Amino acid sequence: MAKIVVEGLKYRYPLAKKLALNDISFEVDEGEFIGIIGANGAGKSTLCQALTGIVPLFFKGAYGGRVVIDGIEVTKSSLSEISLKIGMVLQNPFTQITGSKLTVYEEIAFGLENMGLEREEMKRRIDEALMLLDLYKHKDKNPFDLSGGQMQRLAIASIIAMQPKIIVLDEPTSQLDPQGSSEVFKAVSDLKKKGITIIMVEHKVEKLSEYADRIMLLHDGRLIDFDTPSKIFSRDDLKDYGVVEPVFTRYCKSIGLKNEMGLYPVTLDEAVDLVVKKREHSS
Amino acid sequence: MRMMSLYKDRNTIVHKIDPLNKILYILASILITMLISDFKVLILTLVVSLLLLLLGKVIKNVFPIISFSLIVLVTIVIIQGLFNPNNKTPLVNIGQFIFYKEGIIYSFLLILRVLNILCAFSLLILTTKPSDLIENLVRRGLSPKLGYVLASVLQIIPQMLSTMDTILDAQRSRGLETEGKLIKRVKAFIPLIGPAVMNSLISTRERAMALEMRGFNSNIKKTFLNEHDETSFDKLIRYLLIALIIFTIVWRLVWLK
Amino acid sequence: MSKKLWSFKFSTAALVLIPAAVGINYIGKLFAGLLKLPLWLDSIGTMLASMLAGPIIGALSGAINNIIYGLTMDPISFVYAITSIAIGITVGVLMFKGLIKNVYLAILSGIIVALVAAVVSTPINIAFWGGQTGNIWGDALFASLMAKKFPMWLASFLDEFVVDLPDKVASLVISFLIYKGLPKSLINLYSSDDEIEKL
Ligand SMILES: Nc1ncnc2c1ncn2[C@@H]1O[C@H](COP(=O)(O)OP(=O)(O)O)[C@@H](O)[C@H]1O
Ligand SMILES: [Mg+2]
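Chains as they are written, first to last, in the numbering used here: chain Y, 1 to 283; chain Z, 1001 to 1257; chain V, 2001 to 2199.
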């Protein structure tokens, strides 16, 4: 059964004139890694918020269609219930720290306390999350003393400890330095290995092509395309949607280097393979 | 500054007393000082507070707290000594000013009251971690949401302050003048506070979303990571303080007759 | 309207507004000090919270402002929580009754707020300080009125009022100007009672 079902989703923010999401439908299966790309204002964040119920339970406005997460329709549920199924990590690491806890360890406990978990279960989950996100050595630090990358991993750990089956990440690396960025990518790929479904908005398309099973292309609130990275980045109208392909793809496009399926490579390895093959072929 | 607090970390018995008991102690001190205007009683409670502060090894830290009120406390003596409506008996002449006994006595009463209250509060503030105090109150029925608000203020303010310098530099580099005539300085206020307000409101929106995703609005009864056991010693102190509070009220009622 | 106005069911956004309001109060005070202004300007956050989310959130912001101040700086501040609560309620009611529409009305409202603040503070000032406020200019007025045998409550009230008047008027005008400059989507966030429209 698909984990996420979206049908005819439409949404307009309060006081706004145009739709931020316009007739969006798709399904995502358990364990998939989905990338979301699109220009600024395309509706990527709004879609993330619609998946987690923030839209329309937090931002009210006008809403149509259905979002069903693991069998629950979000508009018929509450945010605290939905948060047990699907978690969300935002762009700004600072604002995700609750601010009410003095250590990394306690910060992760915040959501678990709200869930009413037993102390032993809480500790077990916190330890697990600390290990998974490689934060164990920082567990007694004040959350605000962490680096950006560490803080973002703490945000992920705090969500993971609540054990949702799906995690949505909205540009989690955009405010991080390269070091912090790769820390977060590594963490996310570890989550994927654990079977967690991942939805990630990301501008670093090279990284995204490496990890994502499928990529969603959004423009002006509409879902333009939803397919494998090579299909998406092989499109020749990406410019119209304000997105760029990975550098390797761009290079291969410029010299017209396609694989046997007629698609351009999207990762460095694929590109190298193809170039080597081509060389052998011609020599 | 990571967190606003006057807490002084020491290992004393006073630090280990249940925060609720310290609150009850404040309540008792205020009631005693407000209801009983007897110098002996006021001095006795002040001495008790000072001894407890001494026991908590924080007596030195009380002075900065008192210093906030120092100037008023001094001027109270002057103004009451000179102008208290009940003034009759001249005490001393300083130049053309006559200080009266009634006013001076009244001012001492006021000063003792304020010192009593300051010292009782200091006992709580200096020997209790704010986060422990708040968590304790939440366990005892304070709304967890209010608890969150209180706890987060202590860390969010220092975070906001760190953006102040950024704003100041940015606006100065755009030619904002922060010195000179009063009108110039008044005009500079909005360009400074405006961005601070915008930043903090936008953070508010994001933080609210993040909290929602952490079960902030959950209807399930909240549990606590940290354990908490009330010792029988704490219970004993609590009953004693409650008895003292009742006794004070009754005493006052009886005396009034 | 009145039901909404006094609702105790807070949205998360409105609750998280409280720490921000307390922070803004604090930053206002620091900027005023930095610019050497003869005003405190330390209730702008409370006033904005009232304008955005109503009198109850405003009152809570005021109360928590003083509680935090009391816990971290000067315990006497606890007692004046009542004044901050009164300011929060007054601004919230004036705003939601549509009375703060332009700068002139903001000035008028500032005068009302100063009156309310002085009325609430006076008994506290009398009980704790024999009527003084701790402000040099106000207390000088107090001393001269006392010397002229004015009743203490009146002298004390005027002491507080002359200090509060410029501060509260300036604070309210500044809060109003900031409020006017906020994007609509932010202003809308704190009114929790919107319905979801069907598309
Ligand atoms: N809180 C909001 N209130 C009103 N309009 C909004 C809000 N957030 C986003 N929008 C609008 O919705 C559209 C989609 O925005 P968003 O989902 O943030 O795009 P993206 O994340 O792809 O950059 C944009 O036109 C944006 O201006
Ligand atoms: Mg976005």
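Glycine included, each C-beta is placed from N, C-alpha and C at the ideal position. Source: prediction; values computed, not measured.
Assigned exposure category for Arg1174 (chain Z) - 16 Cβ within 10 Å defines buried: Exposed, by the Cβ-count rule.
Can you tell me whether Ile167 (chain Y) is helix, strand or coil according to DSSP? Strand at Ile167 (chain Y).
Where DSSP assigns a beta bridge to Asp227 (chain Y), which residues make up the other side? Y:Ile215
So, for Lys2003 (chain V): in the same chain, excluding its five sequence neighbours on each side, which residues have a beta-carbon less than 8 Å away from its beta-carbon? Per-residue confidence for Lys2003 (chain V) stands at a pLDDT of 44, beneath the threshold of 50, marking its modelled position as unreliable; the derived number appears in the next sentence. Hits under 8 Å: none found.
Please classify Thr1231 (chain Z) as buried or exposed, where buried requires at least 16 other C-beta atoms within 10 Å of its C-beta. exposed
Around the Cβ of Ser1162 (chain Z), are there at least 16 other Cβ atoms within 10 angstroms (buried) or fewer (exposed)? exposed
Under 7 Å from any heavy atom of ligand 2, does the C-beta of Ser1203 (chain Z) make it? The beta carbon of Ser1203 (chain Z) sits no closer than 7 Å to any heavy atom of ligand 2.
Does any residue of chain Z bring its CB to less than 8 Å from the CB of Leu90 (chain Y)? yes
Can you give me the Cβ contacts of Arg248 (chain Y) inside the same chain, cut-off strictly under 8 Å, excluding the 5 residues immediately before and after it? The sequence as given places Phe at residue 248 (chain Y); Arg does not occur at that position. Hits under 8 Å: Glu206, Pro265, Val266, Thr267, Leu268, Glu270 and Ala271.
Residues that Asn1093 (chain Z) bridges to, as DSSP identifies them: Secondary-structure assignment with DSSP links Asn1093 (chain Z) through a beta bridge to Z:Ile1098.
Contact check, Asn1226 (chain Z) vs Glu1135 (chain Z), beta carbons under 8 Å: yes
Given this structure, state the Cα-to-Cα distance separating Met2001 (chain V) from Lys10 (chain Y), to the nearest angstrom. Note that Met2001 (chain V) has pLDDT 37, beneath the 50 cutoff, so the model's placement of it is unreliable and the number below is only indicative. Between Met2001 (chain V) and Lys10 (chain Y), the C-alpha separation is close to 30 Å.
C-alpha gap between Gly2131 (chain V) and Ile2085 (chain V), whole angstroms: One C-alpha to the other measures close to 21 Å.
Those residues, in chain order, that have a beta-carbon closer than 6 Å to some heavy atom of ligand 1: Y:Tyr13, Y:Ala16, Y:Ala20, Y:Gly38, Y:Asn40, Y:Gly41, Y:Ala42, Y:Gly43, Y:Lys44, Y:Ser45, Y:Thr46, Y:Phe59 and V:Ser2185
For Asp2159 (chain V), which of V:Phe2078, V:Met2051 and V:Ile2126 has the nearest alpha-carbon? Looking at the Cα atoms, V:Ile2126 is the closest of the given residues.
Closer than 7 Å by beta-carbon distance: list the chain V residues that pair up with Arg1140 (chain Z), in chain order. In chain order: nothing, as chain V lies at least about 16 Å away.
Give the secondary structure of Leu2158 (chain V) by DSSP, where H, G and I count as helix, E and B as strand, and everything else as coil. Residue state, collapsed to three classes: helix.
Proximity to Leu132 (chain Y) [Cα-Cα], best of Y:Gly116, Y:Ile108, Y:Glu118 and Y:Glu73: Between Leu132 (chain Y) and the set Y:Gly116, Y:Ile108, Y:Glu118 and Y:Glu73, the nearest pair of CA atoms involves Y:Ile108.
Would you say Gly61 (chain Y) faces chain V, with C-beta separation under 8 Å as the test? yes
Classify Gly2088 (chain V): buried if its beta carbon has 16 or more other beta carbons within 10 angstroms, exposed otherwise. Burial call: buried.
Going along the stretch 2115-2126 of chain V in order, which residues come within less than 7 Å of chain Z, judged by CB to CB distance? none
Over what stretch of residues does the beta strand (DSSP E) that includes Leu21 (chain Y) continue unbroken? Leu21 to Val28
CB-CB length for Phe2128 (chain V) against Ile2056 (chain V), believed under 8 Å: The Cβ separation is near 27 Å, so there is no contact.
Hey, does Tyr1007 (chain Z) have any beta-carbon neighbour from chain Y nearer than 8 Å? No, Tyr1007 (chain Z) lies away from the interface with chain Y (no Cβ there is under 8 Å from its Cβ).
Phe33 (chain Y) (DSSP reduced to helix, strand or coil): strand
Starting from the beta carbon of Gly64 (chain Y), find every residue of chain V whose beta carbon is closer than 7 Å, and list them in chain order. Lys2198 and Leu2199
Quick one: Cα of Ser182 (chain Y) to Cα of Val188 (chain Y), how far? Near 10 Å, if we compare the C-alpha coordinates of Val188 (chain Y) and Ser182 (chain Y).
Which residue marks the beginning of the alpha helix (DSSP H) containing Ile2100 (chain V), and which one marks its end? Here Ile2100 (chain V) belongs to no alpha helix (DSSP H), and DSSP marks it neither H nor E.
Short-range partners of chain V found in the stretch 6-39 of chain Y, where Cβ spacing is below 9 Å: Lys10, Tyr11, Arg12, Tyr13, Pro14, Leu15, Ala16 and Leu19
Candidates Z:Leu1124, Z:Ser1200 and Z:Leu1244, of which the one nearest Lys1008 (chain Z) by Cα: Z:Leu1124
For Phe1247 (chain Z) and Ile1026 (chain Z), what's the separation of their Cα atoms in angstroms? If you take the alpha carbons of Phe1247 (chain Z) and Ile1026 (chain Z), they lie about 15 Å apart.
Give the straight-line distance between the Cα atoms of Asp177 (chain Y) and Ile2027 (chain V), rounded to the nearest whole angstrom. 29 Å
On the three-state DSSP scale, how would you describe Val244 (chain Y)? For Val244 (chain Y), the three-state secondary structure derived from DSSP is coil.
Alpha helix (DSSP H) runs contained entirely in the stretch 2020-2048 of chain V, provided each spans 4 or more residues: The qualifying runs do not exist here; there are none.
Which residues of chain Z have a Cβ atom closer than 7 Å to the Cβ of Glu106 (chain Y), listed in chain order? Proximity of chain Z to Glu106 (chain Y) at the Cβ level (cut-off 7 Å) is accounted for by Leu1225, in chain order.
Can you confirm whether Gln179 (chain Y), when its beta carbon is compared against all beta carbons of chain Z, has any partner nearer than 8 Å? no
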